[in-house]
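Just so we're aligned: 169 in the UniProt record's numbering is position 169 of the sequence shown, and the numbers increase by one with no gaps anywhere.
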Amino acid sequence: MRRLFLGIKPGRTPMPHPHTGASERFRCAKRDLLTASALSLLMLGSASAQAQDQKAASCAALTGRTVAADAIGLPTKGATIASAKLTAATPAGQDARGGFTPAQPEYCQILGSIAPVDSNAPAIRFQLNLPSTWNGKAVQYGGGGFNGILITGLAALRDTPPGAETPLFQGYATFGTDSGHQEESLPEIQAFALNEEALTNFAHASYKKTRDVAVALIRDFYGRPPGRTYYFGGSEGGREGLVVAQRYPADYDGIVSAVPVINWVALQASGTYRGGTMQQKEGWLNAAKVAAVRRGVLTACDGLDGLTDGLISHPDACAKAFDVKALRCPDGADSGESCLSDRQVATMQALRTPYQLPFDLANGLTTYPAFGYGGEDQPGGMLDWSTGPEAPQMPLPAPNRQGRIWYYGGGAMRYFIARDPKLDPRSFDPAAYTERMRAVSELMDATNPDLSAFLTRGGKLILKENMADYAQSPYAGIEYYRSVVARMGQETTDRFVRLYLTPGANHTGRVFSGIDRTPLPSHVNLLEELDAWVEQGRAPADMLRLTAHEAKPPYSITASRPMCRWPLYPRYNGSGDQRATESFTCTAP
């Protein structure tokens, strides 16, 4: 039968060719090897598919899971996972507007909510992202403005260069929250503050609650909690970073707090006064007037840092060199676009002198500091935040129609302080609300200089202020840092806190030349600096490098400048490439 199968007749045995046996053995070995390889590939493919299915199943199994209230460090009714799905890796690219969209790894995306104690309060929504390849650490993202929008934890971090890897891509578990209210459900974004639990969640509680839920889920998913947990935020998120350092120091190994709105109540009161009360009728400055201020500032101050380039790098010296009265119209009346009336001069003086309250707030503060110099009519500058395209009015229209400090401040006075949506903040009198302003200050203001518990825990803190920030004064952060030094001593503070200043940067960190609006260096990777400090004990240098980049991949560096540790400022050496960090020295004022 075997011979019939092979096609050989019975009774006849063919004579083999001298080399037939060796060749046949080689062909058989080759065939067996190919068969084994194919089987191995099939087995590997099957194993890989099974592993992928297992990852997807492990992620999806979290849907419907709960975190008990007693696992959360503040009062809640527990947390519930609404959805969990394995999300495929995606490459970096550009969006429809040409903006950079970062690459993302494969990760388990978890959406959930934390139930309030008060049934009338909104839930806290959160998103947690668990990478398939985890580095053992976590980053909590801060919010912005009045929050109310879910922070996904997927975005590139503030100030990082285009093309930089996101924390998630680097292997961090990442998470964020809407802080316990939803913008789309409110008549005005500040209206959530009428509910005390929602207000407390926004002030501080939601960040702790979200962190506790995230850590519990990370432990369940990976079998261990994160070895390091960082908080990274700017603006409102920067305030949140300081809030958790002061209130929940045991929860975080490191914090980056950029442009934090820390003296919050005084900021909103000053915005109501400076952006609203002072700018009624003749006190408002239009775009041409703000441009005149910018030209006056450049004339007086541009060369004070050793280089005339449209960038104010020595704002403290500028405060002494520039006098807004030099722009006064000859008769004090509004007689042209290149000069200021007496009322407009008074508005500018209000913006650049401390705002005084008639009583003290949390931690003894009674003032909100002056704003800085530079970038007055640049994108995101004084024109956007302090004056706006239209004079302040009621009812408050959208923030892109007037100065944003008026929009934010007026809304805060109505909903947080007076708790009266019909209040006209143009005539707001802080003295009539002394006790309420103090109570909200105790909730909101991240101004406690005692960071000893955070130091004892081994925490590290990096602060960053942008010196052409007109959303909040950079001097608020400087004053806070000085209060920490006064409380804890310079030597102790140096062990765990750094403060850096970015000259000419607006609230979002962008820097533009005051001459031609050319983008100037503004990018820096502060998470990298923080992680090296926490993990390796390598403190950030007194001078970090800011970079500017091409607009398209590979986003090559086109220029760099120093970002100096306070109180130093970057001074041009007098020679060398003006686009290179090496041509500048961080100099004492």
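Each residue gets a CB set at the ideal place from its N, CA and C atoms; glycine is no exception. In this text the structure is predicted, and so the values were computed from the model without any measurement.
Cβ shell of residue i (< 6 Å), same chain only, five flanking positions each side left out
| i | result |
| --- | --- |
| Arg-579 | Ala-559 |
| Ser-313 | Asp-305, Pro-503, Tyr-569, Pro-570 |
| Trp-566 | Leu-499, Leu-501 |
CB-CB length for residue i against residue j, believed under 8 Å
| i | j | result |
| --- | --- | --- |
| Thr-447 | Ile-262 | 6 Å |
| Ile-149 | Asp-178 | 6 Å |
| Pro-570 | Pro-503 | 7 Å |
| Asp-542 | Ala-505 | Not a contact, Cβ separation roughly 18 Å. |
| Gly-477 | Leu-455 | At roughly 19 Å, the Cβ-Cβ gap does not stay under 8 Å, so Gly-477 and Leu-455 are not in contact. |
| Arg-414 | Leu-423 | 5 Å |
| Ala-431 | Ser-235 | Not confirmed; about 29 Å, so no contact. |
| Ile-72 | Asp-212 | 5 Å |
| Gly-237 | Gly-142 | 2 Å |
| residue 597 | Thr-166 | Residue 597 lies beyond the range of the chain shown here (1 to 589); nothing can be said about it. |
| Thr-80 | Gly-112 | 6 Å |
| Val-265 | Met-444 | 6 Å |
| Gly-227 | Ile-405 | Gly-227 to Ile-405, Cβ: 41 Å. No contact. |
| Asn-135 | Gly-171 | 3 Å |
| Arg-426 | Gln-280 | 7 Å |
| Ser-257 | Leu-361 | Not quite, the Cβ-Cβ distance comes to about 19 Å (not below 8 Å), so this is no contact. |
| Pro-369 | Glu-479 | 6 Å |
| Asn-195 | Asn-120 | 6 Å |
Cut-off 8 Å between Cβ atoms - residues of its own chain near residue i, not counting five sequence neighbours on either side
| i | result |
| --- | --- |
| Asn-573 | Gly-306, Ser-583, Phe-584, Thr-585 |
| Val-243 | Ala-203, His-204, Tyr-207, Ala-446 |
| Arg-510 | Pro-379, Gly-380, Pro-519, Ser-522 |
| Thr-13 | Because the pLDDT at Thr-13 is just 41, under 50, the model does not fix this residue reliably, and the point stays unresolved. |
| Met-15 | Confidence at Met-15 is low in this model, with a pLDDT of 45, below 50, so the placement of that residue should be treated as unreliable; the coordinate-derived value is given next. Contacts found: none. |
| Met-488 | Pro-449, Asp-450, Leu-451, Ser-452, Leu-455 |
Any non-hydrogen atom of the ligand FAD within 7 Å of residue i CB
| i | result |
| --- | --- |
| Leu-298 | Absence of the ligand FAD is noted for the structure shown, with no ligands found whatsoever. |
Cβ neighbours of residue i in the same chain (closer than 7 Å, five flanking residues each side left out)
| i | result |
| --- | --- |
| Pro-399 | Tyr-407 |
| Thr-152 | Gln-127, Gly-176 |
| Pro-540 | Ile-462, Arg-498, Glu-529, Trp-533 |
| Ala-333 | Ser-341 |
| Asn-201 | Ile-124, Ser-179, Gly-180 |
| Thr-20 | The predicted position of Thr-20 is uncertain, since its pLDDT is 49 and thus under 50; a value taken from the coordinates is nonetheless stated next. Result list for Thr-20: empty, nothing under 7 Å. |
| Gln-349 | Val-324 |
| Glu-550 | Ser-556, Thr-558 |
| Phe-322 | Gly-296, Val-297, Ala-300, Cys-301, Tyr-373 |
| Ala-346 | Met-278, Gly-283 |
| Arg-239 | Pro-260, Val-261, Ile-262, Trp-264, Ala-446 |
Residue j beta carbon less than 8 Å from that of residue i
| i | j | result |
| --- | --- | --- |
| residue 647 | Val-484 | Any answer about residue 647 is impossible in this case: the structure gives the chain only from 1 up to 589. |
| Tyr-230 | Val-139 | yes |
| Leu-86 | Lys-137 | no |
| Asn-129 | Ala-193 | no |
| Ala-115 | Thr-76 | yes |
| Pro-562 | Arg-545 | yes |
| Asp-302 | Thr-308 | yes |
| Gly-180 | Ala-198 | yes |
| Leu-351 | Phe-371 | yes |
| Phe-169 | Pro-102 | yes |
| Gly-310 | Leu-327 | no |
| Arg-457 | Ala-250 | yes |
| Phe-512 | Gly-375 | yes |
| Arg-274 | Tyr-355 | yes |
| Gly-241 | Gly-233 | yes |
| Ala-88 | Thr-63 | no |
| Gly-459 | Ile-255 | yes |
| Cys-329 | Cys-339 | yes |
| Thr-434 | Phe-359 | yes |
| Pro-91 | Tyr-107 | no |
Cutoff 8 Å: residue i Cβ touching any chain D Cβ
| i | result |
| --- | --- |
| Val-256 | Absent from the structure is chain D; it holds one protein chain and no more. |
Segments assigned beta strand (DSSP E), at least 3 residues, entirely inside the region 116-190 | 124-131, 137-141, 173-177
Return the chain-ordered ranges of every beta strand (DSSP E) run that is complete within the region 494-538 and spans a minimum of 3 residues.
-> 497-502
Every unbroken beta strand (DSSP E) within the region 46-118, with a cutoff of 3 residues, ordered by chain = 79-87, 107-114
Are three or more beta carbon pairs between the region 382-402 and the region 285-303 nearer than 8 Å?
-> yes
Which runs of the beta strand (DSSP E) fall wholly inside the region 535-583 and span at least 3 residues, in chain order?
-> 543-549, 557-565, 569-572
Which runs of the beta strand (DSSP E), 3 residues or longer, sit entirely within the region 440-487?
-> 460-466
Ignoring anything shorter than 3 residues or poking outside the region 270-324, list the beta strand (DSSP E) runs there in chain order.
-> none
Entirely enclosed alpha helix (DSSP H) segments - the region 340-425, minimum 4 residues | 342-351, 404-412
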